[in-house]
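Colleague: Would you mind keeping the following structure in view while I ask a few things?
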Amino acid sequence: MDKFQTITGVAVPMPLVNIDTDMIIPKQFLKTVKRSGLGANLFDEMRFDKDGNEVPDFVLNQPAYRNAEVIVAGDNFGCGSSREHAPWALLDFGVKCVISTGFADIFFNNCFQNGILPIVLPKEQVELLMKEAEKGENARITIDLEKQEVSTSDGTAINFEVDPFKRQCLLDGLDDIDLTLEKSTSIEKFEEQAAASRPWV
Amino acid sequence: MSPKTLYDKIWDAHVIQEAEDGTCLLYIDRHLVHEVTSPQAFEGLRLSGRKVRAPDRTIAVPDHNVPTTADRLEHVENEESRVQLDTLDENAAEFGIHYYPVSDIRQGIVHIVGPEQGWTLPGMTVVCGDSHTATHGAFGSLAHGIGTSEVEHVLATQTLIQQKSKNMKVEITGKLRPGVTAKDITLSVVGATGAAGGTGYVIEYCGEAIRDLSMEGRMTVCNMAIEGGARAGLIAPDEKTFEYVMGRPHAPKGAQWETALAWWKTLFTDDDAHFDKVLTLKGEDIAPVVTWGTSPEDVLPITGVVPAASDFEGGKVAAVQRALDYMGLKAGTPLSEVPVDTVFIGSCTNGRIEDLRAAAAILKGKKIKDGIRAMVVPGSGLVRAQAEEEGLADIFMDAGFEWRLAGCSMCLAMNPDQLAPGERCAATSNRNFEGRQGRDGRTHLMSPEMAAAAAITGRLTDVREMI
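As they're listed, the protein sequences go chains V and X. Residue numbering for the first sequence follows my numbering, starting at 1 and increasing by one per position. Residue numbering for the second sequence follows my numbering, starting at 1001 and increasing by one per position.
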């Protein structure tokens, strides 16, 4: 996983509540056995019509937002399925950070596994950033994970909370499996104890 | 010792290590695997030269992509689906995990196969790269969905790095009225909490109406915990649970059964244990419900009318307007006047034998309305065989339903079973998202009884008029 570095980029406003993983990446794109290439189908059924033409009204098709790196989203972003194809598609498109009042649990975890930072902020602050994002390509937002700070082009700075372990993994680009394998002795010990106390498992 | 919830007890029994910031390494007892969310995980193992740490705890079955037509062993039309199914075949063989291929009568939806084969047992931790893993919570096991990176993590280490969730209690008091089912309970709970009301929590469902449910009904309830945003749903095991589990192929036997049973009987929430959030619904107040929108929280009794966007507040106003446009519905229309052209009975929510019995009881001796496309997709090959033995298959086919082979099918439409644009479906599945059952398809979620009733009348129907 790449290290998460400070981003300064265009933020796209997506105020719709309950944007689900089926919207982010519809099921017909889950048939792949690879992780790559899903950005072309990000928000496919909102972004393209039945014939594959761009839907001009859809925000990611507007010139200002074609290279967005941040999404400012309505409540409960990423609800629905466990498909990691959702963060894969976001990352492949170029999105490295999503800001909302809340995220669905599995999607939230999946983001961290792929170097995407999901930021939870109170409603007023998300609304402020939403307004900022609506200004288009002139409104660039900076995300500094080291300082845990989102700042707008006019200098407004907002601090955010993030799980310390997950933060470090993002900053260092750490692979969870390597970290866990360092604890193999503890896992073996647990397995021995469990085999004695719950032998039927 | 301070009183513990059921969730606390299962959690504590599986923590290998806890860091100062509360990050835990949690042991995983059962890992269920299907073809869609696993190929990249197995590939990751191959690239890093790792093995599956506990192949005996890892169980794979193809379900999402499999066609449900009789020719599926000879022919899978979609090439990508075929590749994904073949990849699971190869990975299961290469890594030596338990496997139920498409040709095996035990094949079916992973969340139906797990309990059926006795892989799911009380007090276990169960994970799967699928959000409806919550289903297994019906046995008092801590079960939840994970992404593909975590699938790889569990394959390689048999553990997950986790933060503990908060405790939420959902109590359903009293008795359900006739025509009201487990599906109506779980949809009503999602309607009450909203799609994010459970975020950050593990829900324990309790109360008389939950105790009264069969194991099948309890699985239906826990299955949709995720639709309210909860990490998992749980129901404390009791005599019904033990009776369901006993004698299943992978359930403990003999002396081990006795040891297991003794522990399972300790799996309940202590008096005075703390819950961070509580929701109580009266069983008597729950009506047969349907969804009208594109979020599972969009739930109303069948006697209701389509709401208007202006009935809502905040961000939901725009979402409801969008949902009404997508669903082709006008505010004020009685839900019982909404016509349907497709009926789907199946899925990990309602594809078990009891669901098929309930739907067949409504359909017996009746015909579905002309022009309706209706299908039953049993949750597993064994459910299908049992339904045939009980004569249910004949009832469905005589009524005009198609009788299919097991799989996820039209719940998420990754196989050829899909809605065409504009088609409207009465579905017993779990999600009514835009495009879920096919691009521009429209989904109304409901119980198997209600779906059967809709097939007969060709519109959303109050099943109480038929019982």
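We put the beta carbon where it would ideally sit given N, CA and C, even for glycine.
Whole angstroms is fine: what's the gap from Glu973 (chain X)'s alpha carbon to Cys1128 (chain X)'s?
Modeller: Any answer about residue 973 (chain X) is impossible in this case: the structure gives chain X only from 1001 up to 1467.
Colleague: Count the other CB atoms, across all protein chains shown, that sit within 10 Å of the CB of Arg1436 (chain X); report buried if there are 16 or more and exposed otherwise.
Modeller: Label assigned to Arg1436 (chain X): buried.
Colleague: Spell out whether any CB of chain X is found under 9 Å from the CB atom of Ser153 (chain V).
Modeller: Not an interface residue.
Colleague: Can we say the region 1360 to 1374 of chain X touches the region 1390 to 1407 of chain X, given the rule of at least three CB pairs closer than 8 Å?
Modeller: Enough Cβ pairs lie closer than 8 Å, so yes.
Colleague: Gly159 (chain V): buried (16+ other C-beta within 10 angstroms of its C-beta) or exposed?
Modeller: Correcting the residue type first, residue 159 (chain V) is Asn in the shown sequence and not Gly. So Asn159 (chain V) ends up on the exposed side.
Colleague: Given 8 Å as the limit, is there contact between the region 1409 to 1416 of chain X and the region 1248 to 1259 of chain X, that is, 3 or more CB pairs closer than that?
Modeller: Segments in contact, no.
Colleague: Given that a residue counts as buried once 16 or more other Cβ atoms are within 10 Å of its Cβ, and exposed if not, what is Asn138 (chain V)?
Modeller: That one is exposed.
Colleague: Say whether chain X places a C-beta atom closer than 9 Å to the C-beta of Pro13 (chain V).
Modeller: It does not; no Cβ of chain X falls within 9 Å.
Colleague: What span of residues does the beta strand (DSSP E) with Asp1104 (chain X) cover, start to end?
Modeller: First-last for Asp1104 (chain X): undefined, no H or E at that position.
Colleague: Given that Met23 (chain V) touches chain X, what residues does it touch there, using C-beta distances under 9 Å?
Modeller: Neighbours of Met23 (chain V) on chain X, chain order: Phe1433, Glu1434 and Gly1435.
Colleague: Once DSSP output is grouped into helix, strand and coil, what is the label at Met1397 (chain X)?
Modeller: Three-state DSSP puts Met1397 (chain X) in a helix.
Colleague: Would the beta-carbon of Asn1223 (chain X) fall within 9 Å of that of His1132 (chain X)?
Modeller: The answer is yes: Cβ separation under 9 Å.
Colleague: Suppose you measure from the CA of Asp1440 (chain X) to the CA of Pro1339 (chain X); what does that come to, to the nearest Å?
Modeller: Using only the alpha carbons, I get a separation of about 16 Å.
Colleague: By the 10 Å Cβ neighbour count, where 16 or more other Cβ atoms means buried, how is Gln1158 (chain X) classified, buried or exposed?
Modeller: Looking at its Cβ environment, which holds 16 or more other Cβ atoms inside 10 Å, Gln1158 (chain X) is buried.
Colleague: Name the chain X residues that come within less than 8 Å of Gln113 (chain V), Cβ to Cβ?
Modeller: Those are Gly1147, Ser1149 and Glu1150, listed as they occur along chain X.
Colleague: Which residue from V:Lys96, V:Asn18, V:Leu170 and V:Glu127 puts its Cα closest to that of Asn67 (chain V)?
Modeller: The option with the nearest alpha carbon to Asn67 (chain V) is V:Lys96.
Colleague: Considering only the beta carbon of each residue, do Leu1025 (chain X) and Val1015 (chain X) sit closer than 9 Å?
Modeller: Their beta carbons are under 9 Å apart, which means Leu1025 (chain X) touches Val1015 (chain X) by this criterion.
Colleague: Quick check on DSSP: helix, strand or coil for Tyr1027 (chain X)?
Modeller: Tyr1027 (chain X) falls in the strand class under three-state DSSP.
Colleague: Please name the residue or residues paired with Ser1380 (chain X) in a DSSP beta bridge.
Modeller: Partner(s): X:Gly1108.
Colleague: How would you list, in chain order, the residues of chain X whose beta-carbon sits under 7 Å from the beta-carbon of Asp176 (chain V)?
Modeller: In chain order: His1153 and Ile1161.
Colleague: Any beta carbon of chain V sitting closer than 9 Å to that of Trp1257 (chain X)?
Modeller: Taking Cβ atoms only, chain V reaches closer than 9 Å to Trp1257 (chain X), which makes this a yes.
Colleague: Considering only the beta carbon of each residue, do Ser1447 (chain X) and Asn1350 (chain X) sit closer than 9 Å?
Modeller: The answer is yes: Cβ separation under 9 Å.
Colleague: Could you give the uninterrupted runs of the alpha helix (DSSP H) lying entirely in the region 1140 to 1164 of chain X, keeping only those of 4 residues or more?
Modeller: Complete alpha helix (DSSP H) runs here, min 4: 1148 to 1157.
Colleague: Closer than 9 Å, CB to CB, is Arg1424 (chain X) near chain V or not?
Modeller: Taking Cβ atoms only, chain V never reaches closer than 9 Å to Arg1424 (chain X), which makes this a no.
Colleague: From the DSSP output, which residues share a beta bridge with Cys111 (chain V)?
Modeller: According to DSSP, which records beta bridges pairwise, Cys111 (chain V) is partnered with nothing at all.
Colleague: Which runs of the alpha helix (DSSP H) fall wholly inside the region 1279 to 1326 of chain X and span at least 4 residues, in chain order?
Modeller: Listed in chain order, nothing qualifies, since the region 1279 to 1326 of chain X has no complete alpha helix (DSSP H) run of 4 or more residues.
Colleague: From the DSSP secondary-structure annotation, give me the bridge partner or partners of Met1375 (chain X).
Modeller: DSSP, once it has assigned bridges, lists X:Phe1344 and X:Glu1402 as partnering Met1375 (chain X).
Colleague: Does the beta carbon of Leu16 (chain V) come closer than 9 Å to any beta carbon on chain X?
Modeller: Yes, Leu16 (chain V) lies at the interface with chain X (some Cβ there is under 9 Å from its Cβ).
Colleague: Hey, would you say Ile1059 (chain X) sits closer than 9 Å to Phe1139 (chain X), going by beta carbons?
Modeller: No.
Colleague: For Leu1176 (chain X), count neighbouring Cβ atoms within 10 angstroms of its own Cβ and tell me buried if that reaches 16, exposed if not.
Modeller: Classification of Leu1176 (chain X): buried, given that the 10 Å Cβ count is 16 or more.
Colleague: For Leu1412 (chain X), decide whether its Cβ has a neighbour in chain V, counting only Cβ atoms nearer than 9 Å.
Modeller: So yes, Leu1412 (chain X) belongs to the interface.
Colleague: Assuming contact is defined by CB atoms lying nearer than 9 Å, are Pro1179 (chain X) and Glu1449 (chain X) in contact in what I supplied?
Modeller: A small fix is needed here, since residue 1179 (chain X) is Gly in this sequence, not Pro. Result yes, Cβ atoms of Gly1179 (chain X) and Glu1449 (chain X) sit closer than 9 Å.
Colleague: Could you spell out where the alpha helix (DSSP H) holding Met130 (chain V) opens and where it closes?
Modeller: Element bounds for Met130 (chain V): Lys123 to Ala133.
Colleague: Between the C-alpha atoms of Ile1372 (chain X) and Gly1458 (chain X), what's the straight-line distance to the nearest angstrom?
Modeller: So the alpha carbons of these two residues sit roughly 7 Å apart.
Colleague: Counting only Cβ pairs nearer than 7 Å, list the residues of chain V close to Lys1316 (chain X).
Modeller: Per Cβ cutoff of 7 Å: Val17.
Colleague: In chain order, which beta strand (DSSP E) runs of at least 3 residues are fully inside the region 154 to 180 of chain V?
Modeller: 157 to 159, all fully within the region 154 to 180 of chain V.
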